[in-house]
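Q: Chains as they are written, first to last, in numbering that gives the first Met the number 0: chain A, 0 to 156; chain B, 0 to 156.
Number of protein chains: 2
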Amino acid sequence: MSEGVEWALHSCLNLAWSGDGRAVSAARLAAWHELPAAYLNKQLQALARAGIVSSTPGPRGGFRLARPLDSITLMDVVAAVEGPDEAFRCAEIRQQGPGGGEEPPAADCAIAHAMGRAELAWRRALAAQTLDEIRQQAERQAPEAPERLRAWLAAAR
Amino acid sequence: MSEGVEWALHSCLNLAWSGDGRAVSAARLAAWHELPAAYLNKQLQALARAGIVSSTPGPRGGFRLARPLDSITLMDVVAAVEGPDEAFRCAEIRQQGPGGGEEPPAADCAIAHAMGRAELAWRRALAAQTLDEIRQQAERQAPEAPERLRAWLAAAR
DNA sequence: GGAAGCATACTCGGATATACTATGTCCGAGTTGACGTGG
DNA sequence: CCACGTCAACTCGGACATAGTATATCCGAGTATGCTTCC
Numbered sequence: 000m001s002e003g004v005e006w007a008l009h010s011c012l013n014l015a016w017s018g019d020g021r022a023v024s025a026a027r028l029a030a031w032h033e034l035p036a037a038y039l040n041k042q043l044q045a046l047a048r049a050g051i052v053s054s055t056p057g058p059r060g061g062f063r064l065a066r067p068l069d070s071i072t073l074m075d076v077v078a079a080v081e082g083p084d085e086a087f088r089c090a091e092i093r094q095q096g097p098g099g100g101e102e103p104p105a106a107d108c109a110i111a112h113a114m115g116r117a118e119l120a121w122r123r124a125l126a127a128q129t130l131d132e133i134r135q136q137a138e139r140q141a142p143e144a145p146e147r148l149r150a151w152l153a154a155a156r
Numbered sequence: 000m001s002e003g004v005e006w007a008l009h010s011c012l013n014l015a016w017s018g019d020g021r022a023v024s025a026a027r028l029a030a031w032h033e034l035p036a037a038y039l040n041k042q043l044q045a046l047a048r049a050g051i052v053s054s055t056p057g058p059r060g061g062f063r064l065a066r067p068l069d070s071i072t073l074m075d076v077v078a079a080v081e082g083p084d085e086a087f088r089c090a091e092i093r094q095q096g097p098g099g100g101e102e103p104p105a106a107d108c109a110i111a112h113a114m115g116r117a118e119l120a121w122r123r124a125l126a127a128q129t130l131d132e133i134r135q136q137a138e139r140q141a142p143e144a145p146e147r148l149r150a151w152l153a154a155a156r
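Written as structure tokens, this is what we have:
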């Protein structure tokens, strides 16, 4: 799985903690965890295309959450960064060569069906978890995190 | 996900249909679906290392199932081909840069925890499905498939 | 006729190239804010 | 003092390199088979 998924998820939480008042630039979000700024920018663009964050150019510009955290699921972020297509894609090799009959088979490939069911379970688990729940859990573990981020953003003016 | 997973799964079913009497070479299994023989051989080696199939060299050699289909799950094959490590690996970026505190955090990353739970659901779904169940479903859809394979193997002596 | 020895062909197994995607970097278009200037 | 125009800096956005992995290929070690030869 792409490294950018982890970056995007942390960035969403950081955006939520930064306060809704002002946007945060990709460079600041990247510096907070020592990530490559230009590449994180790429991931944030993907989030913007998916409607998860909104971007504003120019000075004082940057990214901010486009909707509240409790309406963003893990699935939304994963789909935005990784793309919408399934991880296991059936190439229908059973139709190739001597193994494939003359006419296409009537039913779907049993293997693809089973793999699809498993992947559906994964997607359901991701869709059942909102970023707000994760934020609450993270704040229970480290209650000072939001304030530290806001202080650092204000100081690094 | 790797293309080889699909090839390995189909090959396992084909090995089950070929009959337990004699081994089938990687070249024959590949020709049945017009796959690159040498590369399929690589995937079968991975299955052999995992104890799913057994290999015998020399003439009349090849691969055969090492244990019955009902004791092989989708998870076994996926783990053998893809490797045992998780798809989402937490790099603990929260500990890097100004965002990371002085001492390591006490609890696990909430994001990694949630992603791990989703992946666990996927793995459970894969482990709950045996290849024998898939074989039964495939035979219901195409009852003539096993016999066609055996006839082709005998003809291509 | 039978058995031993040998050559042979066929198999896996791993070491070696190539292609593609994820990763990382760079520069341009656009916008906002500040500053200077004129009224 | 206020309003307007100009300028400059900062931002995203997409186009351009690079690296790492999945894909594909090739050749060597090993083994069972069949044949030849000798007893």
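Where a beta carbon is used, it is the ideal one built from N, C-alpha and C, also for glycine.
How would you call B:Asp-69, buried or exposed, if buried means at least 16 neighbouring beta carbons within 10 angstroms?
A: So B:Asp-69 ends up on the exposed side.
Q: Straight-line CA distance for A:Gln-44 to B:Asp-107?
A: 28 Å
Q: May I ask you to report which of helix, strand or coil DSSP gives B:Gly-115?
A: Looking at B:Gly-115 - three-state DSSP - the assignment turns out to be helix.
Q: What are the boundary residues of the beta strand (DSSP E) that includes B:Val-80?
A: It is not in any beta strand (DSSP E) - B:Val-80 instead sits in the alpha helix (DSSP H) that spans 73-81.
Q: Distance, Cα to Cα, A:Pro-35 vs B:Arg-116?
A: Roughly 28 Å separates the two Cα atoms.
Q: When you compare each of A:Arg-122, A:Arg-88, A:Ala-141 and A:Glu-91 to B:Gly-99 by their alpha carbons, which one comes out closest?
A: A:Ala-141
Q: Could you check what DSSP says for A:Leu-159 in three-state terms: helix, strand or coil?
A: Chain A is shown only over 0 to 156; residue 159 of chain A falls outside these bounds and no answer can be derived.
Q: Does any residue of chain A bring its CB to less than 9 Å from the CB of B:Ala-37?
A: no
Q: Examine chain B for any beta-carbon lying closer than 9 Å to the beta-carbon of A:Ala-26, and answer yes or no.
A: no
Q: When you compare only the Cα positions, how much space is there between B:Glu-5 and A:Ile-110?
A: 8 Å
Q: Considering only the beta carbon of each residue, do A:Leu-14 and A:Val-23 sit closer than 9 Å?
A: Going by C-beta atoms, A:Leu-14 is nearer than 9 Å to A:Val-23.
Q: Whole-angstrom Cβ separation of B:Ala-150 and B:Ala-144, contact assumed at under 8 Å?
A: About 11 Å; that fails the 8 Å criterion.
Q: DSSP has B:Ser-70 in a bridge; who is on the other side?
A: DSSP lists no partner for B:Ser-70.
Q: With 16 as the cutoff for other CB atoms within 10 Å, does B:Gln-95 come out buried or exposed?
A: exposed
Q: For A:Ala-105 and B:Tyr-38, what's the separation of their Cα atoms in angstroms?
A: 30 Å
Q: To which residues of the same chain is A:His-29 closer than 7 Å at the C-beta, ignoring the five residues directly before and after it?
A: Note on identity: in this sequence residue 29 of chain A is Ala, with His being the wrong assignment. Taken in chain order, the residues that qualify are Pro-35, Ala-36 and Leu-39.
Q: Compare the C-alpha of A:Phe-87 against each of B:Glu-81, B:Ile-71 and B:Thr-55 and name the closest.
A: B:Glu-81
Q: If you draw a straight line from the alpha carbon of B:Ala-47 to that of B:Ser-53, how long is it in whole angstroms?
A: 5 Å
Q: Contact criterion: CB-CB distance below 9 Å. Does B:Gln-95 meet it with respect to chain A?
A: Residue-level contact by beta carbon holds for B:Gln-95 and chain A, with a gap shorter than 9 Å.
Q: By alpha-carbon positions, which one of A:Ile-133, A:Ala-7 and A:Trp-16 ends up nearest to A:Glu-146?
A: A:Trp-16
Q: Just verifying my parser: in three-state terms, what is the DSSP assignment at A:Ser-1?
A: coil
Q: Could you pull the start and end residues of the beta strand (DSSP E) that B:Val-52 belongs to?
A: 52-55
Q: So, for B:Leu-73: in the same chain, excluding its five sequence neighbours on each side, which residues have a beta-carbon less than 6 Å away from its beta-carbon?
A: Leu-125 and Gln-128
Q: I'd like to know if B:Phe-87 contacts chain A, where contact means its C-beta is closer than 9 Å to some C-beta of that chain.
A: yes
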